[in-house]
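Asks: In my numbering, the protein residues as written are 1 to 66. Glycine is no exception: its CB is placed at the ideal position from the N, C-alpha and C atoms.
#1: For residue 28 versus residue 41, is the C-beta distance shorter than 8 Å?
#2: In whole angstroms, give me the CA-to-CA distance for residue 34 and residue 51.
#3: I'd like the span of the alpha helix (DSSP H) that includes residue 18, first residue to last.
#4: Can you tell me whether DSSP reads residue 51 as helix, strand or coil?
See the structure below:
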């Protein structure tokens with residue numbers, strides 16, 4: 001392949017859940033609009049609440065079986 005034409009299968013930036021989480025963190029900190037900051041902060045708090053809930057529920061359910 002020529003150096004001037006990049007490989008279409010090669011991605012230079014990662015995509016996925018980690019990137020979306022980082023974008024939420026940056027948007028909370030640097031968005032110009034207050035509404036965007038609030039929505040990003042609420043979404044981040046919701047994500048943390050889901051993980052906290054899973055961290056409580058999964059061991060509780062597993063302890064019933066073992």
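Replies: So, from the data block:
#1: Position 28 of the chain shown, counted from the start, is the residue given in the question as residue 28. Position 41 of the chain shown, counted from the start, is the residue given in the question as residue 41. Closer than 8 Å, so yes.
#2: By one-based count along the chain shown, residue 34 stands at place 34. By one-based count along the chain shown, residue 51 stands at place 51. Those two C-alpha atoms are separated by around 26 Å.
#3: Residue numbering aside, residue 18 sits at position 18 when the chain shown is read from its first letter. Unbroken alpha helix (DSSP H) run through residue 18: 17 to 30.
#4: The count along the chain shown starts at 1 and reaches residue 51 at position 51. In the structure shown, residue 51 sits in a helix (DSSP, three-state: H, G or I).
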